[in-house]
Amino acid sequence: MPELPEVETIRRDLAPTLVGRRFVSVELLWPGIVRQPTAEELERRLPGQTIAEVARRGKYLLFRLESGETLLAHLKMSGSLVLRDTAEAASPYLRAVLTLDDGRRLGFYDPRKFGRLWLVADENEVVGKLGPEPLEPEFTPQELYTRLLRHGTPIKALLCDQNFLAGIGNIYADEALFYAGIHPLRLAREMQPWEADRLHCAIRISLERALANRGTTFSRYRDAYGEPGRHWEALLVPRRPGAPCTRCGTSIQRIRLRGRGTYFCPDCQG
DNA sequence: CTTATTCCCTGATTGC
DNA sequence: TGCAATCAGGGAATAA
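Using numbering that gives the first Met the number 0, the first residue of the first sequence is number 0, and each one after it goes up by one.
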């Protein structure tokens, strides 16, 4: 479950080695990984293209190419992108290998086959509808408050909606709401201005703390070197029902919201 | 326009 | 112990 901090960690790992490099070949061990165009067309069009920039939008990684086209990758639940200078160890989960002109290889591993690749002329075809980037200056408490009022849905569901705010998923939505002291089922349009301020701050701090620890690994997430992140131990909300709240010791509750496990402290987030 | 539900996929976990 | 059923979840597609 790579979310913004995990994808940004991978981006920072990849950018210095990939910018200026050229793709020389594409090997699709599971062609279903290509969402757009067809697998055959991506195999034909990507080789020979040089990487101008490695960017991120929400949970998407963007490899902007000198041609103006963009290669996009989404890791979804269980994907990882690992850079090596030798051939990959045999793995049943290796779905694609992108080889670069310096001999390095970018392996896309994904046990659950949810992850996808796109090669498009206009990246907005894929990421155009995403909400604001929470760490960018355009995301302000005032803007958050105004937009919260337009929704009659539980705040947790809204935080996970990529068209409302890009990059937050199940874990960091729970973290931010805990930090802000807001119950996950509170309706967005009932939020008070000061609560939107606290939430805005809480979102940023939750993401920045995780980024400083190179992301949260609790099962599969790996950085571009194949290493786990260190943030699992530093999460404010233990993701086990009945575990003591890190702030007050009360038993952490688990509910199901939109099919997602939601953890919160009934005392701190009353 | 909004919000809610189903489905994809497979390793891990739970239940009998 | 073993095997089947259930769980986990990001987001597209679909329904309302």
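For glycine and all other residues, C-beta sits at the position ideal for the given N, C-alpha and C.
E174 counts as buried, since no fewer than 16 other beta carbons sit within 10 angstroms of its beta carbon. Taken through DSSP and simplified to helix, strand or coil, P30 comes out as helix. Between the region 239-251 and the region 208-217, the count of C-beta pairs closer than 8 Å stays below three; the two stretches do not touch. Spanning the alpha carbons of L28 and V96 requires a straight line of approximately 8 Å. Scanning its chain for C-beta atoms nearer than 6 Å, with the 5 sequence neighbours on each side dropped, one finds around P265 the residues Q252, in chain order. When DSSP states are grouped into helix, strand and coil, V236 belongs to the coil group. Residue range P140 to L147 is occupied by the alpha helix (DSSP H) that includes Q141. Assignment of beta strand (DSSP E) within the region 63-102, counting only whole runs of 3 or more residues, yields 69-73, 79-83 and 93-99 in chain order.
With contacts defined as CB atoms closer than 7 Å, V81 and G102 fail to qualify as a contacting pair.
Assignment of alpha helix (DSSP H) within the region 139-204, counting only whole runs of 4 or more residues, yields 140-147, 154-158 and 169-179 in chain order. Note that the region 71-87 touches the region 51-61; at least 3 beta-carbon pairs, one per stretch, sit closer than 8 Å.
In this structure, the CA atom of T249 is about 46 Å from the CA atom of E124. For L3, the enclosing alpha helix (DSSP H) covers residues L3 to L17.
Here Q268 is not bridged, per DSSP, to any residue. Annotated three-state conformation of A51 is strand, per DSSP. P243 is bridged by DSSP to S250. For L116, the uninterrupted beta strand (DSSP E) run begins and ends at R115 to V119, by DSSP.
Less than 7 Å separates the beta-carbon of A51 from that of E65. The bridge partners DSSP lists for G260 are R255.
Per the coordinates, the alpha-carbon of E7 lies some 32 Å from the alpha-carbon of C247.
Here the C-alpha atom of C200 lies approximately 30 Å from the C-alpha atom of F62.
Per the C-alpha coordinates, the member of R221, L71 and T261 positioned closest to H182 is T261. DSSP places L105 within a strand segment (E or B) once states are collapsed to three. For D160 and G47, the gap between their C-alpha atoms comes out near 36 Å. Under the DSSP definition of a beta bridge, S218 lacks any partner. The alpha carbon of G180 has as its nearest neighbour, out of L198, L164 and Y171, the alpha carbon of L198.
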